[in-house]
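A.B. asks: So that we are looking at the same thing, I have put the structure below in structure tokens.
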Amino acid sequence: MSFPLQAASPATDGASSPARPVAAPAPESPRRAWLAVLALSLAAFVFNTTEFVPVGLLSAMGESFGMRAERVGLMLTVYAWAVALASLPLMLATRRMERRGLLAGLFALFVVSHGVCALAPNFSVLLPGRLGIAAAHAVFWSITASLVVRVAPAGRKAQALGLLAGGTSLAMVLGIPLGRAMGQWLGWRATFAGIGAVALLVLLLLWWLLPRLPSERSGSLRSLPLLLGRPALVSVYVLLVAGVTAHFMAYSYLEPFMQRVAGLDGPAITQMLLLFGAAGLVGSALFSWQGLRHPAAFLLCALAALVLCLGLLRPAAAQPWALAALLGLWGAVFLCFALAMQARVLGLAADAGDVAMALFSGLFNVGIGAGALLGSGVIGQWGVAHVGWPASLLAALALLGAGAALWRWRSAFAQGRLVD
1 MSFPLQAASP
11 ATDGASSPAR
21 PVAAPAPESP
31 RRAWLAVLAL
41 SLAAFVFNTT
51 EFVPVGLLSA
61 MGESFGMRAE
71 RVGLMLTVYA
81 WAVALASLPL
91 MLATRRMERR
101 GLLAGLFALF
111 VVSHGVCALA
121 PNFSVLLPGR
131 LGIAAAHAVF
141 WSITASLVVR
151 VAPAGRKAQA
161 LGLLAGGTSL
171 AMVLGIPLGR
181 AMGQWLGWRA
191 TFAGIGAVAL
201 LVLLLLWWLL
211 PRLPSERSGS
221 LRSLPLLLGR
231 PALVSVYVLL
241 VAGVTAHFMA
251 YSYLEPFMQR
261 VAGLDGPAIT
271 QMLLLFGAAG
281 LVGSALFSWQ
291 GLRHPAAFLL
301 CALAALVLCL
311 GLLRPAAAQP
321 WALAALLGLW
331 GAVFLCFALA
341 MQARVLGLAA
351 DAGDVAMALF
361 SGLFNVGIGA
371 GALLGSGVIG
381 QWGVAHVGWP
391 ASLLAALALL
401 GAGAALWRWR
411 SAFAQGRLVD
């Protein structure tokens, strides 16, 4: 099923580019539409597993290459910034391609790059493999949110986006902990080889379930100044970078934090990572329930809770039960924040969805890379025990900025509200 993304009315903030109507083909059955959404969610699971699986393998990879964990952690920065730099150029280069065929090409690159990572004899060979994955990632997340909205059954956009986010959460629930467990059992190289094998199966599933999806409302380079001329949308992008940077300052080094500060052993760390990811499923469900009904309050509450979680990270490490409770809340609220920001972008830029989401994906990864880099600096200066409070301070600034932006451009936000 294919239909144009709908918002109450595309907010323009004084700059607009009217979207031309696109004739939708005959709709798929609701059952097949949901299967297509689930297939894309599974693809999201695979991409997010490989992006964040090094978080659970930093120590093992560091030992393999004779490097400290925080130095290997800079691989997250390289990957994230490669995605950030590549997202918009690659999206524009592929904007006219039929989307099912494009997804097949992305997964082929993804599989080959994982083979390079699994066989890498040193860190210098591992990085090019990760950059190949990053290129596939850049295009995948530029087009996937709008594809999910297109193939979802009528009136089920929020639920479809929630399922897509569920794939992200499932990567943290199963992908990252299983990747860590496999790495402990068979070595970290087996983790990358296993992800590549699963990706090949997902490629076949996508080809079978997805209809042909001609490029639609992807936008062009001419869309960029129009989008950046919308102050409300620009404020969302700025807040996105701040919030994601704050989160990844601490999350990127959660494994060494739990090992060195909380004193947890390997199995306990895996269980904590499972809990964090499972909580993300709760966050996805909360967004599906309330995220589009009360978008402003939902975003502000998510940011306030993120400030609390990051600020209490060090005290919570004193007791395993307290750390578990905090990680559960943290995992839920970060997914709430990310989904709320994504919905804002889709609503404010309905006339150039792929360009807007390429910017979203790129800036999200700017935040990931900046967070990993700043976290490494904090650890080098004060130690891993103190990584939480600077992150909490940055999240507090994002909270204040969100409140100011929602008030300053309240009319544009109301007009650009994503609706089912």
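Under the UniProt record's numbering, think of the first position of the sequence shown as 1, with each following residue one higher. Where a beta carbon is used, it is the ideal one built from N, C-alpha and C, also for glycine.
#1: If I measure Cβ to Cβ from Leu103 and keep anything under 6 Å in the same chain, skipping five residues before and after, which residues do I get?
#2: Go through its chain and collect everything with a Cβ distance to Ala181's Cβ below 8 Å, but skip five positions before and after it.
#3: Which word fits Val55, buried or exposed, when buried means at least 16 other C-beta atoms lie within 10 angstroms of its C-beta?
#4: Compare the Cα-Cα distances from Gly403 to each of Val236, Val261, Val116 and report the closest residue.
#5: Taking the alpha-carbon of His386 as reference, which of Gly243, Tyr251, Ser361, Arg212 has the nearest alpha-carbon?
#6: Quick check: the Cα distance between Ser215 and Phe107, rounded to an integer number of angstroms?
#7: Tell me the rounded alpha-carbon separation between Ala324 and Phe248.
#8: Can you grab the Cα-Cα spacing for the pair Val333 / Tyr79, in whole Å?
#9: May I have the straight-line CA-CA distance separating Arg99 from Ile143, to the nearest angstrom?
#10: Apart from the five residues just before and just after Leu313, which ones in its own chain have a Cβ nearer than 7 Å to its Cβ?
#11: Using only the alpha-carbon positions, how far apart do Glu51 and Val83 sit?
#12: Could you tell me whether the Cβ atoms of Ala232 and Leu292 are closer together than 8 Å?
#13: Looking at the secondary structure, which residues open and close the alpha helix (DSSP H) in which Trp409 lies?
#14: How long is the line joining the alpha carbons of Leu286 and Leu174, rounded to whole angstroms?
#15: Does DSSP classify Gly183 as helix, strand or coil?
#16: Go through its chain and collect everything with a Cβ distance to Ala60's Cβ below 8 Å, but skip five positions before and after it.
#17: Am I right that Leu240 and Ala36 are in contact with their C-beta atoms under 8 Å? What's the rounded C-beta distance?
#18: What's the gap between the Cα of Thr30 and the Cα of Leu163?
#19: Going by the beta-carbon positions, is the gap between Val148 and Leu40 smaller than 8 Å?
#20: Which ranges does the beta strand (DSSP E) cover as unbroken runs of at least 3 residues, wholly within the stretch 76-108, from first to last along the chain?
#21: Are the CB atoms of Met91 and Val261 within a distance shorter than 8 Å?
#22: Using the three-state DSSP reduction, which class does Val387 fall into: helix, strand or coil?
#23: What is the rounded straight-line gap between the Cα of Thr191 and the Cα of Ala118?
#24: Return the CA-CA distance between Ile133 and Leu58, expressed in angstroms with no decimal places.
#25: Please report how far the alpha carbon of Phe47 lies from the alpha carbon of Leu74, in whole angstroms.
#26: In this structure, how does DSSP classify Asp265 when only helix, strand and coil are distinguished?
#27: So is Glu63 buried or exposed if we call it buried at 16+ other beta carbons inside 10 Å?
#28: Hey, Leu367 and Val244: beta-carbon distance below 8 Å or not?
#29: Alpha carbons only, please: which of Val125, Gly167, Leu406, Pro390 is nearest the one belonging to Trp141?
#30: Could you give the uninterrupted runs of the alpha helix (DSSP H) lying entirely in the stretch 199-259, keeping only those of 4 residues or more?
#31: Leaving out five residues before and five after Pro390 in sequence, what residues of the same chain have Cβ atoms less than 8 Å from its Cβ?
#32: Using the C-alpha atoms, what's the distance from Ala358 back to Ser146?
#33: Rounded to the nearest angstrom, how far is the Cβ of Pro177 from that of Leu273, given a contact under 8 Å?
C.D. replies: According to the structure data:
#1: For the purposes of this step, residue 103 is identified with residue 103 of the sequence shown, where counting begins at 1. Taking Leu103 as the centre and dropping the five residues before and after it, the same chain places the C-beta of Leu206 closer than 6 Å to its C-beta, in chain order.
#2: As a first step, residue 181 is located in the sequence shown; it is residue number 181 there, counting from the start. Here the set comprises Thr270.
#3: Along the sequence shown, one-based indexing puts residue 55 at 55. So Val55 counts as buried.
#4: Along the sequence shown, one-based indexing puts residue 403 at 403. Of the listed residues, the one whose Cα sits closest to Gly403 is Val236.
#5: Numbered from its first residue, the sequence shown carries residue 386 at position 386. Of the listed residues, the one whose Cα sits closest to His386 is Tyr251.
#6: As a working note, residue 215 is residue 215 in the sequence shown. As a working note, residue 107 is residue 107 in the sequence shown. Going by the C-alpha atoms only, they are around 18 Å apart.
#7: Translated into the one-based positions of the sequence shown, residue 324 becomes position 324. Translated into the one-based positions of the sequence shown, residue 248 becomes position 248. In this model, Ala324 and Phe248 are separated by some 18 Å (Cα to Cα).
#8: Position 333 of the sequence shown, counted from the first residue, corresponds to residue 333. Position 79 of the sequence shown, counted from the first residue, corresponds to residue 79. Cα-Cα distance, rounded: 24 Å.
#9: As a working mapping, residue 99 is identified with position 99 in the sequence shown. As a working mapping, residue 143 is identified with position 143 in the sequence shown. Distance between the alpha carbons of Arg99 and Ile143 is about 8 Å.
#10: Against the sequence shown, residue 313 aligns to sequence position 313. So the list reads Ala250, Leu326, Gly388, once near-sequence residues are dropped.
#11: Walking along the sequence shown from the start, residue 51 turns up at place 51. Walking along the sequence shown from the start, residue 83 turns up at place 83. Those two C-alpha atoms are separated by around 11 Å.
#12: Here residue 232 corresponds to residue number 232 of the sequence shown, with the count starting at 1. Here residue 292 corresponds to residue number 292 of the sequence shown, with the count starting at 1. Contact: no.
#13: For the purposes of this step, residue 409 is identified with residue 409 of the sequence shown, where counting begins at 1. Trp409 -> no alpha helix (DSSP H), and no H or E assigned at all.
#14: As a first step, residue 286 is located in the sequence shown; it is residue number 286 there, counting from the start. As a first step, residue 174 is located in the sequence shown; it is residue number 174 there, counting from the start. Leu286 and Leu174: Cα-Cα distance of roughly 20 Å.
#15: Position 183 of the sequence shown, counting from 1, holds the residue named residue 183. It is helical.
#16: Residue 60 sits at position 60 when you count from the first residue of the sequence shown. The residues are Gly183, Gln184, Gly187, Trp188.
#17: Looking up residue 240 in the sequence shown gives position 240. Looking up residue 36 in the sequence shown gives position 36. In fact, because the Cβ distance is near 27 Å, the residues do not count as touching under 8 Å.
#18: Within the sequence shown, numbered from 1, the residue matching residue 30 stands at position 30. Within the sequence shown, numbered from 1, the residue matching residue 163 stands at position 163. A quick correction: the sequence has Pro, not Thr, at residue 30. Those two C-alpha atoms are separated by around 15 Å.
#19: In the sequence shown, counting from the first residue as 1, residue 148 sits at position 148. In the sequence shown, counting from the first residue as 1, residue 40 sits at position 40. Yes, the Cβ-Cβ distance between Val148 and Leu40 is below 8 Å.
#20: Taken in chain order, the complete beta strand (DSSP E) segments of 3 or more residues contained in the stretch 76-108 number zero; there are none.
#21: Translated into positions along the sequence shown, residue 261 becomes position 261. Translated into positions along the sequence shown, residue 91 becomes position 91. Cβ atoms of Val261 and Met91: not closer than 8 Å.
#22: As a working mapping, residue 387 is identified with position 387 in the sequence shown. Correct three-state label for Val387: coil.
#23: By one-based count along the sequence shown, residue 191 stands at place 191. By one-based count along the sequence shown, residue 118 stands at place 118. Distance between the alpha carbons of Thr191 and Ala118 is about 8 Å.
#24: One-based indexing of the sequence shown puts residue 133 at position 133. One-based indexing of the sequence shown puts residue 58 at position 58. When rounded, the separation of the alpha-carbon atoms in Ile133 and Leu58 is 18 Å.
#25: In the sequence shown, residue 47 corresponds to position 47, counting from 1. In the sequence shown, residue 74 corresponds to position 74, counting from 1. Phe47 and Leu74: Cα-Cα distance of roughly 19 Å.
#26: In the sequence shown, counting from the first residue as 1, residue 265 sits at position 265. In the structure shown, Asp265 adopts coil according to DSSP, grouped into three states.
#27: What you label residue 63 is simply residue 63 of the sequence shown in a count that begins at 1. Per the 10 Å Cβ criterion, exposed.
#28: Residue numbering aside, residue 367 sits at position 367 when the sequence shown is read from its first letter. Residue numbering aside, residue 244 sits at position 244 when the sequence shown is read from its first letter. Going by the sequence as given, residue 367 is Gly instead of Leu. Yes. Within cutoff.
#29: For this step, residue 141 is matched to residue 141 along the sequence shown. The residue with the shortest Cα to Cα distance from Trp141 is Gly167.
#30: DSSP assignment within the stretch 199-259 yields the following whole alpha helix (DSSP H) runs of 4 residues or more, N-terminal first: 223-228, 231-251.
#31: Residue 390 sits at position 390 when you count from the first residue of the sequence shown. The answer, listed in chain order, is Met249, Leu374, Val378.
#32: Indexing the sequence shown from 1 puts residue 146 at position 146. Indexing the sequence shown from 1 puts residue 358 at position 358. Rounded to whole angstroms, the gap between the alpha carbons of Ser146 and Ala358 is 11 Å.
#33: Taking the first residue of the sequence shown as position 1, residue 177 is located at position 177. Taking the first residue of the sequence shown as position 1, residue 273 is located at position 273. Contact holds; Cβ gap of about 5 Å.
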